[in-house]
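Undergrad: One structure is given below, represented as structure tokens, and several questions about it will come after.
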Amino acid sequence: MAYDANNIFARILRGEVPAHRVHEDEQTVAFMDVMPQADGHTLVLPKAPVENLFELDDEMAAAVMHTVRRVAAAVKTAFDADGITLMQFNGPAAGQTVFHFHMHILPRHADRPLRGHGRTMADQALLAEHARRIRAALDAGG
Ligand code: 5GP
Numbered sequence: 021m022a023y024d025a026n027n028i029f030a031r032i033l034r035g036e037v038p039a040h041r042v043h044e045d046e047q048t049v050a051f052m053d054v055m056p057q058a059d060g061h062t063l064v065l066p067k068a069p070v071e072n073l074f075e076l077d078d079e080m081a082a083a084v085m086h087t088v089r090r091v092a093a094a095v096k097t098a099f100d101a102d103g104i105t106l107m108q109f110n111g112p113a114a115g116q117t118v119f120h121f122h123m124h125i126l127p128r129h130a131d132r133p134l135r136g137h138g139r140t141m142a143d144q145a146l147l148a149e150h151a152r153r154i155r156a157a158l159d160a161g162g
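Laid out in structure tokens, this is it:
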């Protein structure tokens, strides 16, 4: 499948659609998932137009993982999480719904199950507050 330049993440990257950003550098962006499976659910994506894992080159993969490590540490601190789950889907059969490569960062607490994937829209003010907490943890060094 050819990369669709009008997918929702491409539009967020171009600034056409708002998102609660927590991090941005030359190669990657991180923002809050609008239908979080846990409070603090954050997405990390490369700026380059790649649809899935198989189109990611080694340099992009390294840049994404560098950001994932930093943001995951900040999410863990910001949400006082017991652990972090990383998720990443490739292709509709695997559950991918947005066709721009991204990693999911999910803070986990013992005995707290995840909510459904892409199920319930969160309140925008709440997402803004969650993003603020993650940015503060990043500013404090993770
Ligand atoms: P996938 O199923 O492709 O791995 O995950 C796509 C994710 O993007 C889902 O968790 C979904 O909640 C999230 N999502 C869908 N539309 C938007 C949007 O407009 N903005 C943001 N920030 N996240 C979105």
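The numbering of the sequence shown is the numbering used here, which starts it at 21 and goes up by one. C-beta: ideal position from N, C-alpha, C; glycine also.
#1: Output needed for A68: all residues of its chain with C-beta closer than 8 Å, excluding positions within five of it in sequence on either side, in chain order.
#2: Could you tell me if V84 is buried or exposed, where buried requires 16 or more neighbouring beta carbons within 10 angstroms of its beta carbon?
#3: Does the beta-carbon distance from H61 to L126 come in below 9 Å?
#4: Look at the alpha carbon of L73 and the alpha carbon of M107, and state the distance between them as a whole number of angstroms.
#5: How would you label P133, buried or exposed, when you count the other beta carbons within 10 angstroms and need 16 or more for buried?
#6: Using 8 Å for Cβ pairs, my map puts D102 next to R135. What's the rounded Cβ distance?
#7: Assuming contact is defined by CB atoms lying nearer than 9 Å, are V42 and A50 in contact in what I supplied?
#8: On the DSSP bridge assignment, give the partners of G103 in chain order.
#9: Whose C-beta lies closer than 6 Å to the C-beta of T117 among residues of the same chain, with five residues either side of it excluded?
TA: Once the coordinates are examined:
#1: Spatial neighbours of A68 in its own chain (CB-CB distance under 8 Å, excluding positions within 5 residues in sequence) are listed in chain order as Q47, M80.
#2: Residue burial is scored here from C-beta neighbours: V84 has at least 16 other C-beta atoms within 10 angstroms and is therefore classed as buried.
#3: Yes; because the gap between Cβ atoms is below 9 Å, this pair is in contact.
#4: Rounded to the nearest angstrom, the two C-alpha atoms are 12 Å apart.
#5: With a 10 Å radius around the Cβ and a threshold of 16 neighbouring Cβ atoms, P133 comes out exposed.
#6: Going by Cβ atoms, the distance from D102 to R135 rounds to 17 Å, so no, they are not a contact pair.
#7: Yes, they are a contact pair.
#8: Beta bridge pairing from DSSP links G103 with R128.
#9: Correct list, in chain order: G138.
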